[in-house]
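I have placed the structure first, in the form of structure tokens, so that the comments after it can refer back to it.
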Amino acid sequence: VSRPHPSDHALLFLFLVGGVTPSELRLIRELVSTHKPGTQVLVLSTRLLRPTDVPELLFTTQRLVPDIGV
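The sequence shown begins at 2 in this note's numbering and counts up one residue at a time.
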């Protein structure tokens with residue numbers, strides 16, 4: 002009996018900075034299951050975004066103000 006190797010159980014580890022939407026999670030799952038069947042996917046993110054968050058993050062000017070902790 003051979004010893005198990007990491008490649009025997011494929012794992013895709015993704016960490017997304019800034020957030021991820023549920024539709025993006027679904028897309029990741031579908032792509033991995035199509036191109037790499039049997040691969041487990043672990044997705045971590047700094048935030049779970051709602052669809053209404055995306056335009057706000059794209060077009061807000063608040064992110065241009067530096068946070069200097071005053």
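For each residue, glycine too, the CB sits at the ideal point set by N, CA and C.
Keep in mind it's a predicted model, so treat the numbers as computed, not measured.
Burial state of L50, where buried means 16 or more other Cβ atoms lie within 10 Å: buried
From F14 to I69, what does the alpha carbon distance come to, in whole angstroms? 33 Å
I need the DSSP call for L28, collapsed to helix, strand or coil. helix
Between the alpha carbons of L26 and P5, how many angstroms are there, rounded? 29 Å
Contacting residues, own chain, Cβ-Cβ under 6 Å from L12 (five flanking each side not counted): Q41
Please classify V21: is it buried, with 16 or more other beta-carbons within 10 angstroms of its beta-carbon, or exposed? buried
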